[in-house]
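Below is the structure:
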């Protein structure tokens, strides 16, 4: 049994304009001590997947169907009472913007201790000690003095460290990091990523790293999920995804990043504009922007297909290749649907 | 990137931009956003300007266009110094700007045609209404927008398309020089590549010169001929793009470049990052001497005492560091 099992998750937002299927059949497992990266563009459903696990969706958002199990315990349909024992204790989250995720009217110490007292049975004095210990762990100098300061007295990088300290104070098994370094400068980003890596080794937790930056993924993650328009198009180990991408969207993403070799040449962007989630095409959601799109891509969605034991993708190109090479038969294709 | 003719188009000499910050009780304190920056940009060239938030890179771009009145220093364009109001108006027909945020830099109450046409109105660049309309449609086709988009409003477009509208507006006066202030950082990777290619194509077609301000070092490397690195209002290094990435000389440039996450797992795992301690000091309390000395592993007493000069250490490679010989 994996630490986290997400099966066929569907999450929608019911807006005035109609149902927005933000997450559309996402399944993955996460084991102890692993770092899983979820990459995708804005609107691909990567954050909503995380918010569904924590059940902190905005008012109009709802998990429509699917299953989320943490340590075997089903979370979909579980009440607020159960979720309160999960959030913070088992699963913690840090958000993108360290400027707005701390309350400006309370001291750092107050906010840290609040989280600790809420989730553990420590008393005030023990909570204070734990808070100081956590600040020290995330390399904040003079933690006793810092406990009495307000968020505005800290820089962006330090606030993100405090968010990490708060998220880890109750020793969660899973840390969800939603674009934790996007708002930070590169040298500060390097510090935070290094800190997360060393804490992960020390405490042995699993991390879900949500980001749009493939550089961050390459540096941090063991496994990678690539999302587009609410679905997983490809998942596998980091090496497989980077060196053997098998979905046209992933390939397009890799080609469109500027690197040392592209200077003085043209980049190869993905054409077209991002998908409108209110008007999803019938077939593969990426088909309208895909250079290699075939007839079938436009009216039928491809199911997930194993490339090898570390790698799976949902792209008709792989089916075509398999048929041509004779590794799969036509009957297998039809029964997969 | 087009052939570079070594002829300076824009010269910036010892540019300073200090803002007075209200400290309460009638006290003000100068915030030295840009503190003595000099460089030249040649015709047809792209100069990349990089640095972390608060280093003054955006202020440099804005001050060049006189969106802020420079505190001191000189800006020369095409061999002519820009001084009077008339000079500034003339200069702005030749130099324009593309802004970072495609959401807030377009007026939501104007149609696309009016947004693109506004610079034409301001500088009275047409004789008849038909001429104006024809020019707007020409500009829209330059940036890959359809003519039917003209009557729509900005909110009907995606981020990438909005940035195209912003670029069309910048091109309206037929400029030679464009300040691009983080033009792609609000865009998704796949869209970002489309817009970067468009900048490239426009440069070739119209012979443009760019000052390309960005914090994404991979993007800057791709698009720039030369790159300048700024830290706390000062320029610390300037060299051609390949040199600065392969052989950075300033300790700050070294750590900045090593901090960039490389999208390749094997390289990323093997990469030895030069970690910097601490944060960027506030520009209100900038350190004495070299601004980088508080985070620099090589700093000595001399670095605290005096600001190192920005000097050419080899042809076309400028660096401001006392210890450049020892560091490298």
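Protein chains in written order, with our numbering: chain P, 16 to 352; chain L, 2 to 329. Even for Gly, the Cβ is constructed at its ideal location relative to N, Cα and C. This one's a predicted model, so the numbers in the text were calculated from it and none came from an experiment.
Consider the Cβ of residue 167 (chain P): report whether some Cβ of chain L lies at a distance smaller than 8 angstroms.
no
With C-beta atoms as the reference, is residue 122 (chain P) less than 8 angstroms away from residue 159 (chain L)?
no
Helix, strand or coil for residue 121 (chain P) per DSSP?
coil
Is it true that the CB of residue 174 (chain L) sits closer than 8 angstroms to the CB of residue 58 (chain L)?
no
Scan the region 189–208 of chain L for residues whose Cβ lies nearer than 9 angstroms to a Cβ of chain P and list them as they occur along the chain.
189, 190, 191, 192, 193, 194, 195, 196, 197, 198, 201, 202
Bridge partner(s) assigned by DSSP for residue 77 (chain L):
L:12, L:82
If you draw a straight line from the alpha carbon of residue 318 (chain L) to that of residue 41 (chain L), how long is it in whole angstroms?
13 angstroms
Classify residue 23 (chain P) as helix, strand or coil using the three-state DSSP reduction.
strand
With DSSP collapsed to three states, give me the class of residue 66 (chain P).
helix
If you draw a straight line from the alpha carbon of residue 235 (chain L) to that of residue 131 (chain L), how long is it in whole angstroms?
48 angstroms
Cβ closer than 7 angstroms: which chain P residues qualify as neighbours of residue 328 (chain L)?
Near residue 328 (chain L) there are no residues of chain P at all, since even the closest Cβ is about 17 angstroms away, more than 7 angstroms.
Buried or exposed: residue 156 (chain L), going by 16 or more other Cβ atoms within 10 Å of its Cβ?
exposed
Check whether the region 207–214 of chain P touches the region 125–144 of chain P, taking contact to mean three or more Cβ pairs, one atom from each stretch, closer than 8 angstroms.
no
Drop a sphere of 10 angstroms on the beta-carbon of residue 105 (chain P), count the other beta-carbons inside from all chains shown, and report buried for 16 or more, exposed for fewer.
buried
From residue 80 (chain P) to residue 162 (chain L), what distance separates their C-alpha atoms?
35 angstroms
If you drop the 5 nearest sequence neighbours on each side, which residues of the same chain put their C-beta closer than 6 angstroms to that of residue 253 (chain L)?
232, 237, 293
Contact belief for residue 88 (chain P) with residue 82 (chain P) at Cβ below 8 angstroms, rounded distance in angstroms:
Not a contact, Cβ separation roughly 11 angstroms.
What first and last residue would you give for the beta strand (DSSP E) that runs through residue 50 (chain L)?
47–51
Three-pair Cβ contact test at 8 angstroms for the region 44–56 of chain P versus the region 240–257 of chain P
yes
What are the boundary residues of the beta strand (DSSP E) that residue 98 (chain L) is part of?
96–99
Excluding the 5 residues preceding and the 5 following residue 272 (chain P) in the sequence, name in chain order all residues of the same chain whose CB lies nearer than 7 angstroms to its CB.
229
Quick one: residues in its chain with C-beta nearer than 8 angstroms to the C-beta of residue 209 (chain L), no 5 flanking neighbours on either side, listed in chain order?
45, 176, 177, 178, 179, 203
Within 7 angstroms of chain L by C-beta, residues of the region 285–297 of chain P in sequence order
285, 288, 289
Could you pull out every residue in the same chain whose Cβ sits closer than 6 angstroms to the Cβ of residue 279 (chain L), ignoring the five residues on either side in sequence?
296
Could you have a look at residue 268 (chain L) and say whether DSSP puts it in helix, strand or coil?
helix
Interface partners of residue 299 (chain L) on chain P, CB under 7 angstroms
Under the 7 angstroms cutoff, chain P gives no residues; its nearest Cβ is about 16 angstroms from residue 299 (chain L).
Report the CB separation of residue 222 (chain P) from residue 329 (chain P) in whole angstroms; it is logged as a contact under 8 angstroms.
Rounded, the Cβ-Cβ distance is 25 angstroms, inconsistent with contact.
Within a Cβ cutoff of 6 angstroms, which residues of the same chain sit near residue 197 (chain P), ignoring the five residues on either side of it in sequence?
111
Cβ shell of residue 245 (chain L) (< 6 angstroms), same chain only, five flanking positions each side left out
228
Limits of the unbroken beta strand (DSSP E) element including residue 250 (chain P)
246–252
Do residue 71 (chain L) and residue 33 (chain L) come within 8 angstroms of each other at the CB atom, strictly closer than that value?
no
Exposure of residue 118 (chain P), with buried meaning 16 or more beta-carbon neighbours within 10 Å:
exposed
Using a Cβ-Cβ cut-off of 8 angstroms, state whether residue 280 (chain L) counts as contacting chain P.
yes
Quick one: complete alpha helix (DSSP H) runs, 4+ long, within the region 181–224 of chain P?
201–218
Would DSSP call residue 189 (chain L) helix, strand or coil?
coil
Environment of residue 277 (chain L) [buried if 16+ CB atoms lie within 10 Å]
buried
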